[in-house]
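Residue numbers (my numbering), protein chains in the order written: chain A, 46 to 279; chain B, 161 to 382.
The C-beta atom is built at its ideal place from N, Cα and C for all residues, glycine as well.
One structure is given here, and the rest of the page talks about it.
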């Protein structure tokens, strides 16, 4: 079995207007840079993008907002992107804000075949409005539903033609559960290695969840907040 | 004791909440600074909700790794024995009650321990991030904030006015001027800043405060 496609453009050949897409990453860390750029080139519109953040004005998902390709954004925190604010306030963009743990679990649930679940998060807040609530073991909970999408775009450090993936450091974030929840999951990797090269004990995402994979290129890996401490003297 | 600014006092007092062996999640902004004041000889593990346990200090200049950030999107470093995991596992730790302490910023806290810290209607909504999960799931929730707004309005209130982050979730509020506990019989004033009077704190607070029957202590004085 070989799930390898040529590049990002080839990987999204059948993506059309109105598609819903899960996109991995936390801030700009672990985002599918190549797939986002290919989506800008393709120009597909009226997209629903489901991602923790909305990138920054000139990078990541910000590029899709700039090109006015996004109709709806499902996210947990969007404070880093001014463009987002403008489009939201002008009504161009629909927004659903979700608590981060609920966001992760709704996606995990979708991939695991769980249609809905109860969580204490958000009970008594605007997040619970219009949702079923119920007391479990003395604690009030909110019924939340699974989030799936037409596509999932994930970014991994290493991967093979079978779709096995390994993430590096905090780039893992939402990528593993998104990989399980897309009807078509596309993985871009920094290093495409021959099957067998990845120690089976360290595979984070087993290949069954991935439909297409390609070697990404020209990774920029922009840092949002470069914080350092001075080197210690002798 | 050398004189400290009110912000420093707030951070130092929040750091006094740390206990040996604790797993701690620090909110973005001022709470992050608590990590710089772990008492000597104490072992504390910082959890960052983007998927890391054992978050280390900012990296030495030149050693920044774009693949290694905290929840504030700042570059950080590893500590020996640290681990990485997915966001689902991360919030499993949080929601599942495995995190001992969550220290978060706040806009309003009220007599029932309700918290508002994520949204001001009419202004841009940035999102709640992980705050709602943290207050719902951490074993202990400590809010650190200035005692009053920039305009001098109280932030500890009878009832929160802003949209809530969580209901009956706050255990303790630490401000630059006082330490207040949420108890079943209302808010109890435990400590006040040096040079502050009980009357001043009561006047700057928009809720009923009961002075600690054991005596109100001076902040950071032992």
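Could you tell me if residue i is buried or exposed, where buried requires 16 or more neighbouring beta carbons within 10 angstroms of its beta carbon?
| i | result |
| --- | --- |
| residue 216(A) | buried |
| residue 188(B) | buried |
| residue 161(B) | Because the pLDDT of residue 161(B) is 47, which lies under 50, any placement of that residue in the model is unreliable, and the number read from its coordinates should be weighed accordingly. Answer is exposed; the Cβ neighbour count stays below 16. |
| residue 200(A) | buried |
| residue 375(B) | exposed |
| residue 165(B) | exposed |
| residue 61(A) | exposed |
| residue 181(A) | exposed |
| residue 46(A) | exposed |
| residue 51(A) | exposed |
| residue 220(A) | buried |
| residue 246(B) | buried |
| residue 150(A) | buried |
| residue 200(B) | exposed |
| residue 191(B) | buried |
| residue 369(B) | buried |
| residue 289(B) | buried |
| residue 324(B) | buried |
| residue 188(A) | exposed |
| residue 59(A) | exposed |
| residue 261(A) | buried |
| residue 310(B) | exposed |
| residue 169(B) | buried |
| residue 350(B) | buried |
| residue 358(B) | exposed |
| residue 226(B) | buried |
Taking the alpha carbon of residue i as the reference point, which residue from the options has its own alpha carbon closest?
| i | options | result |
| --- | --- | --- |
| residue 292(B) | 98(A), 239(A), 164(A), 178(A) | 164(A) |
| residue 238(B) | 205(B), 249(B), 266(B), 267(B) | 205(B) |
| residue 78(A) | 103(A), 126(A), 177(A), 246(A) | 103(A) |
| residue 312(B) | 267(B), 375(B), 294(B) | 267(B) |
| residue 146(A) | 267(A), 218(A), 246(A) | 218(A) |
| residue 54(A) | 84(A), 48(A), 176(A) | 84(A) |
| residue 294(B) | 367(B), 169(B), 249(B), 264(B) | 264(B) |
| residue 86(A) | 235(A), 113(A), 202(A), 100(A) | 113(A) |
| residue 183(B) | 343(B), 190(B), 215(B), 368(B) | 215(B) |
| residue 144(A) | 172(A), 135(A), 157(A) | 172(A) |
| residue 193(A) | 273(A), 244(A), 225(A), 247(A) | 225(A) |
| residue 219(B) | 283(B), 236(B), 210(B), 228(B) | 236(B) |
| residue 296(B) | 359(B), 327(B), 356(B) | 327(B) |
| residue 157(A) | 56(A), 249(A), 222(A) | 222(A) |
| residue 48(A) | 256(A), 276(A), 275(A) | 256(A) |
| residue 248(B) | 136(A), 155(A), 140(A), 274(A) | 155(A) |
| residue 306(B) | 318(B), 281(B), 333(B) | 333(B) |
| residue 75(A) | 228(B), 232(B), 193(B) | 228(B) |
| residue 321(B) | 167(B), 283(B), 269(B), 240(B) | 269(B) |
| residue 276(B) | 319(B), 240(B), 310(B) | 319(B) |
| residue 247(A) | 277(A), 122(A), 213(A), 148(A) | 213(A) |
| residue 251(A) | 208(A), 275(A), 56(A) | 208(A) |
Excluding the 5 residues flanking residue i on each side, which residues of the same chain have their C-beta closer than 8 Å to its C-beta?
| i | result |
| --- | --- |
| residue 202(B) | 178, 179, 180 |
| residue 138(A) | 110, 115, 116, 117, 118, 129, 132 |
| residue 185(A) | 165, 168, 169, 178, 179 |
| residue 172(B) | 164, 197, 380 |
| residue 243(B) | 212, 213, 214 |
| residue 239(A) | 205, 206 |
| residue 383(B) | Because chain B spans 161 through 382 in this model, residue 383(B) falls outside it and cannot be assessed. |
Assuming residue i contacts residue j under a Cβ cut-off of 8 Å, what Cβ separation, rounded to an integer in Å, is found between them?
| i | j | result |
| --- | --- | --- |
| residue 223(B) | residue 271(A) | That belief does not hold up - the Cβ atoms of residue 223(B) and residue 271(A) are roughly 11 Å apart, past 8 Å. |
| residue 348(B) | residue 340(B) | 7 Å |
| residue 363(B) | residue 337(B) | At roughly 11 Å, the Cβ-Cβ gap does not stay under 8 Å, so residue 363(B) and residue 337(B) are not in contact. |
| residue 258(A) | residue 206(A) | 7 Å |
| residue 302(B) | residue 174(B) | 7 Å |
| residue 235(A) | residue 202(A) | 5 Å |
| residue 211(A) | residue 253(A) | In fact, because the Cβ distance is near 15 Å, the residues do not count as touching under 8 Å. |
| residue 335(B) | residue 354(B) | So it is not a contact: roughly 14 Å between Cβ atoms. |
| residue 367(B) | residue 271(B) | 5 Å |
| residue 232(B) | residue 122(A) | That belief does not hold up - the Cβ atoms of residue 232(B) and residue 122(A) are roughly 11 Å apart, past 8 Å. |
| residue 277(A) | residue 217(B) | Contact doesn't hold; Cβ gap of about 11 Å is too wide. |
| residue 209(B) | residue 250(B) | 5 Å |
Kindly list the residues whose CB is nearer than 6 Å to the CB of residue i, restricted to its own chain and excluding five residues on each side of it in sequence; keep chain order.
| i | result |
| --- | --- |
| residue 72(A) | 98, 269 |
| residue 262(B) | 185, 294, 298, 301 |
| residue 134(A) | none |
Please list, in chain order, all residues of the same chain as residue i whose beta carbon is under 7 Å from its beta carbon, the five residues on each side excluded.
| i | result |
| --- | --- |
| residue 267(A) | 73, 104 |
| residue 195(B) | 186, 206 |
| residue 107(A) | 99, 100, 101, 126, 128 |
| residue 227(A) | 67, 194, 196, 197 |
| residue 190(A) | 151, 160, 161 |
With a threshold of 6 Å (Cβ to nearest heavy atom), would residue i be considered close to the ligand FAD?
| i | result |
| --- | --- |
| residue 349(B) | The ligand FAD is absent from the structure shown, which contains no ligands of any kind. |
**Study point:** the segment 57-70 of chain A / the segment 94-114 of chain A touching (three or more Cβ pairs under 8 Å)
**Key:** Contact check between the segment 57-70 of chain A and the segment 94-114 of chain A: three or more CB pairs, one atom from each, fall below 8 Å, which counts as touching.
Practice item. Count the C-beta pairs between the segment 247-261 of chain B and the segment 72-92 of chain A that are closer than 8 Å, then say yes if the count reaches three, no if not. Key: With the cut-off at 8 Å, the segment 247-261 of chain B and the segment 72-92 of chain A do not touch.
Review point. Would you call the segment 190-210 of chain A and the segment 223-236 of chain A in contact, with 3 or more CB pairs under 8 Å?
Key: The segment 190-210 of chain A and the segment 223-236 of chain A touch, with no fewer than 3 CB-CB distances between them shorter than 8 Å.
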